[in-house]
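**Student:** Below you'll find the structure I mean.
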Amino acid sequence: MQVAVRHFNVAEYYQMARAGVLTEDERVELVRGEIVAMSPIGSRHAACVSRFDMRLQRWARERFVVRIQNPIRLDDESEPEPDVSVLKLRHDFYADAHPMPEDVLLVIEVADTSMGYDRDEKAPLYAEAGIPEMWLVNLSEAVIEVYSNPVDGAYSSVRQVARGGVLTSASLPGLSIRAEDILG
Amino acid sequence: MHVAVRHFNVAEYYQMARAGVLAEDERVELVRGEIVAMSPIGIRHAACVNQINMRLNRWARGRFVVSVQNPIRLDDHSEPQPDIAILKPRDDVYFEAQPRPGDVLLVIEVADTSMGYDREEKVPLYAEAGIPEMWLVNLPEGVIEIYTEPVGGVYSSVRQVARGGVLTSAFLPGLSIRAADVLG
Numbered sequence: 000m001q002v003a004v005r006h007f008n009v010a011e012y013y014q015m016a017r018a019g020v021l022t023e024d025e026r027v028e029l030v031r032g033e034i035v036a037m038s039p040i041g042s043r044h045a046a047c048v049s050r051f052d053m054r055l056q057r058w059a060r061e062r063f064v065v066r067i068q069n070p071i072r073l074d075d076e077s078e079p080e081p082d083v084s085v086l087k088l089r090h091d092f093y094a095d096a097h098p099m100p101e102d103v104l105l106v107i108e109v110a111d112t113s114m115g116y117d118r119d120e121k122a123p124l125y126a127e128a129g130i131p132e133m134w135l136v137n138l139s140e141a142v143i144e145v146y147s148n149p150v151d152g153a154y155s156s157v158r159q160v161a162r163g164g165v166l167t168s169a170s171l172p173g174l175s176i177r178a179e180d181i182l183g
Numbered sequence: 000m001h002v003a004v005r006h007f008n009v010a011e012y013y014q015m016a017r018a019g020v021l022a023e024d025e026r027v028e029l030v031r032g033e034i035v036a037m038s039p040i041g042i043r044h045a046a047c048v049n050q051i052n053m054r055l056n057r058w059a060r061g062r063f064v065v066s067v068q069n070p071i072r073l074d075d076h077s078e079p080q081p082d083i084a085i086l087k088p089r090d091d092v093y094f095e096a097q098p099r100p101g102d103v104l105l106v107i108e109v110a111d112t113s114m115g116y117d118r119e120e121k122v123p124l125y126a127e128a129g130i131p132e133m134w135l136v137n138l139p140e141g142v143i144e145i146y147t148e149p150v151g152g153v154y155s156s157v158r159q160v161a162r163g164g165v166l167t168s169a170f171l172p173g174l175s176i177r178a179a180d181v182l183g
């Protein structure tokens with residue numbers, strides 16, 4: 000008798016929300032069939048997300064959709080809620096369906112205490128889904144890890160941007176954000 | 000941001016069943032807020048349960064309830080389904096509510112491949128709930144571990160009964176089962 004936690008697919012996950020098992024404002028995400036609880040967002044984490052939001056919106060000028068802490072449907076068993084996602088412009092603003100991997104140009108995760116989890120679980124999750132780029136903000140060490148070129152479920156390129164550096168993206172033309180504007 | 004799997008209480012667990020997220024014949028149990036999936040029951044496991052069940056019912060002669068692979072409500076976050084539980088007689092014959100720890104005299108878990116899980120998770124779970132006695136049948140090694148006297152969340156007495164021995168219980172007067180009969 001092998002023992003494992005029961006996994007849930009996206010349909011079951013939403014069934015649980017409709018049934019009231021998961022409340023609408025509950026901070027959870029579906030990661031490889033597991034319903035993961037997220038802790039409250041700390042003030043540094045929140046500020047970092049707001050800084051990205053302001054700069055990304057300014058750059059996007061309505062050519063892209065910039066979303067904060069909203070779901071992305073990666074596959075039948077994963078629907079994470081990255082801190083920030085930059086999506087292709089769609090005129091319904093994804094009202095009919097959550098963004099799928101091919102809609103996503105960049106995801107950003109901000110880690111205050113969750114670096115290990117984000118690096119070991121989230122980076123491979125996004126890489127396997129073929130998300131072209133992921134930025135992982137390591138707040139405690141004040142560095143941003145830029146993951147790109149997903150190949151066979153892993154990002155083949157990783158570089159670090161520290162204070163003094165500038166964040167740019169191959170998939171987001173003209174974007175340029177100074178690291179200290181994000182790290183504070 | 001600390002990361003943990005979302006836990007469920009018993010009410011949510013049943014809500015999931017009512018909503019159809021968990022199917023009625025699904026082999027799951029609730030252990031410390033986690034919905035644990037159980038693998039199919041192997042041949043030896045099934046035979047062992049049947050042998051014990053037959054002998055317990057013969058001994059009980061209607062004075063106790065022998066409950067096979069049915070739930071026990073330990074607390075708000077745990078409702079395991081031990082292979083066998085011996086329950087005190089109750090006026091409602093357990094039609095109105097699941098057995099609670101105070102109703103349970105003995106639980107038996109049969110382990111074919113799950114010894115590690117049963118020893119590390121199930122034994123403390125039953126001890127913490129104050130279940131007076133637990134038998135853990137270790138099929139691969141042909142031995143039965145008898146846990147008794149739960150004190151401070153652990154069974155303070157453990158003994159082993161091998162093939163030539165006889166199983167008896169302090170709480171089940173007159174019960175006597177030869178180990179060889181249940182080990183096959």
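Each protein sequence line maps, in turn, to chains Y and S. Residue numbers for the first sequence follow numbering that gives the first Met the number 0, beginning at 0 and rising by one. Residue numbers for the second sequence follow numbering that gives the first Met the number 0, beginning at 0 and rising by one. Even glycine gets a Cβ: it sits at the ideal position worked out from N, Cα and C.
Determine, using beta carbons only, whether Val-4 (chain S) and His-44 (chain S) come nearer to each other than 8 Å.
**Tutor:** For Val-4 (chain S) and His-44 (chain S), no; Cβs fall outside 8 Å.
**Student:** Are the C-beta of Gly-19 (chain S) and some C-beta of chain Y separated by less than 8 Å?
**Tutor:** It does: the Cβ of Gly-19 (chain S) has a partner Cβ on chain Y nearer than 8 Å.
**Student:** Which residue marks the beginning of the alpha helix (DSSP H) containing Tyr-125 (chain Y), and which one marks its end?
**Tutor:** First-last of the alpha helix (DSSP H) with Tyr-125 (chain Y): 122-127.
**Student:** Could you have a look at Gln-97 (chain S) and say whether DSSP puts it in helix, strand or coil?
**Tutor:** It is coil, neither helix nor strand.
**Student:** According to DSSP, is Val-9 (chain Y) helix, strand or coil?
**Tutor:** If DSSP states are grouped into helix, strand and coil, Val-9 (chain Y) belongs with the helices.
**Student:** On the criterion of 16 or more Cβ atoms from any shown chain inside 10 Å, does Glu-101 (chain Y) qualify as buried, or is it exposed?
**Tutor:** Looking at its Cβ environment, which holds fewer than 16 other Cβ atoms inside 10 Å, Glu-101 (chain Y) is exposed.
**Student:** Which of the three DSSP states is assigned to Asp-102 (chain Y) in this structure?
**Tutor:** The answer is helix: DSSP assigns Asp-102 (chain Y) an H, G or I state.
**Student:** Return no unless some Cβ of chain S is closer than 8 Å to the Cβ of Gly-19 (chain Y).
**Tutor:** Interface residue, yes.
**Student:** Would Asn-148 (chain Y) be called buried (16 or more neighbouring beta carbons within 10 Å of its own) or exposed?
**Tutor:** Exposed: under 16 other Cβ atoms inside 10 Å.
**Student:** Report yes or no: do the segment 119-131 of chain S and the segment 153-167 of chain S share at least 3 C-beta pairs separated by less than 8 Å?
**Tutor:** Yes, the segment 119-131 of chain S touches the segment 153-167 of chain S.
**Student:** In angstroms, rounded to a whole number, what distance separates the CA positions of Ile-130 (chain Y) and Leu-55 (chain Y)?
**Tutor:** Looking at the two C-alpha atoms, the distance is approximately 18 Å.
**Student:** Is the shortest distance between the beta-carbon of Gln-159 (chain S) and the beta-carbons of chain Y less than 8 Å?
**Tutor:** False, the Cβ-Cβ gap to chain Y never drops below 8 Å.
**Student:** Nearest by alpha-carbon distance to His-97 (chain Y): which of Y:Leu-124, Y:Val-64 and Y:Ala-110 is it?
**Tutor:** The option with the nearest alpha carbon to His-97 (chain Y) is Y:Val-64.
**Student:** Go through its chain and collect everything with a Cβ distance to Asp-151 (chain Y)'s Cβ below 6 Å, but skip five positions before and after it.
**Tutor:** Hits under 6 Å: none found.
**Student:** List the DSSP bridge partners of Asp-74 (chain S).
**Tutor:** DSSP output for Asp-74 (chain S) lists S:Ser-77 as bridge partner(s).
**Student:** Just to confirm my understanding: we take Asp-117 (chain S), look at its own chain, exclude 5 residues before and 5 after, and list those with CB closer than 8 Å. What are they?
**Tutor:** Cβ within range, chain order: Glu-108, Ala-110 and Leu-135.
**Student:** Specify, as a first and last residue, the run of the beta strand (DSSP E) that Arg-158 (chain S) falls within.
**Tutor:** 153-161 is the span of the beta strand (DSSP E), which, as asked, contains Arg-158 (chain S).
**Student:** Find the residues of chain Y that neighbour Val-136 (chain S), judging by a C-beta separation of less than 9 Å, and give them in chain order.
**Tutor:** Near Val-136 (chain S) there are no residues of chain Y at all, since even the closest Cβ is about 12 Å away, more than 9 Å.
**Student:** Is the distance from the Cβ of Leu-86 (chain Y) to the Cβ of Arg-57 (chain Y) below 8 Å?
**Tutor:** Going by C-beta atoms, Leu-86 (chain Y) is not nearer than 8 Å to Arg-57 (chain Y).
**Student:** For Trp-58 (chain S), which residues from the same chain have a beta carbon less than 6 Å from its beta carbon, with the 5 sequence-adjacent residues on both sides left out?
**Tutor:** Excluding residues within five positions, the ones whose Cβ falls inside 6 Å are Leu-174.
**Student:** To the nearest whole angstrom, what separates the beta carbons of Ser-66 (chain S) and Leu-105 (chain S), a pair I think is in contact under 8 Å?
**Tutor:** Actually they are not in contact, since the Cβ atoms of Ser-66 (chain S) and Leu-105 (chain S) sit about 11 Å apart, beyond 8 Å.
**Student:** If I follow the unbroken beta strand (DSSP E) through Ser-84 (chain Y), where does it start and stop?
**Tutor:** Here the beta strand (DSSP E) through Ser-84 (chain Y) covers 83-87.
**Student:** Measure from the C-beta of Ile-34 (chain S) to each C-beta in chain Y and report whether the shortest distance is under 8 Å.
**Tutor:** Ile-34 (chain S) counts as touching chain Y.
**Student:** Looking only at DSSP bridge pairs, what is Arg-66 (chain Y) linked to?
**Tutor:** Beta-bridge pairing links Arg-66 (chain Y) to Y:Ser-84.
**Student:** Along chain S, in chain order, which residues have C-beta atoms closer than 8 Å to that of Glu-11 (chain Y)?
**Tutor:** Here the neighbours are Val-20.
**Student:** Any C-beta of chain S sitting closer than 8 Å to the C-beta of Gln-68 (chain Y)?
**Tutor:** Output row for Gln-68 (chain Y): interface = no.
**Student:** What separation, rounded to the nearest whole angstrom, lies between the Cα atoms of Asp-82 (chain Y) and Leu-55 (chain S)?
**Tutor:** Between Asp-82 (chain Y) and Leu-55 (chain S), the C-alpha separation is close to 57 Å.
**Student:** Under DSSP, the beta strand (DSSP E) around Gln-159 (chain Y) begins and ends at which residues?
**Tutor:** Run containing Gln-159 (chain Y): 153-161, per the beta strand (DSSP E) assignment.
**Student:** Would the segment 108-115 of chain Y and the segment 87-96 of chain Y be scored as touching if the rule is three or more Cβ pairs under 8 Å?
**Tutor:** At 8 Å Cβ cutoff, the stretches do not touch.
**Student:** Looking only at its chain, what residues have a beta carbon closer than 7 Å to the beta carbon of Met-0 (chain Y), apart from the 5 residues adjacent to it on each side?
**Tutor:** Here Met-0 (chain Y) scores only 40 on pLDDT, less than 50, and its place in the model should not be relied on; the value that follows carries that caveat. Answer for Met-0 (chain Y): no residue qualifies.
**Student:** Can you give me the start and stop residues for the alpha helix (DSSP H) that Ser-147 (chain Y) sits inside?
**Tutor:** Not the alpha helix (DSSP H): Ser-147 (chain Y) falls in the beta strand (DSSP E), residues 142-150.
**Student:** Would you list the one or two residues that DSSP bridges to Thr-147 (chain S)?
**Tutor:** DSSP lists S:Glu-132 and S:Ser-156 as partners of Thr-147 (chain S).
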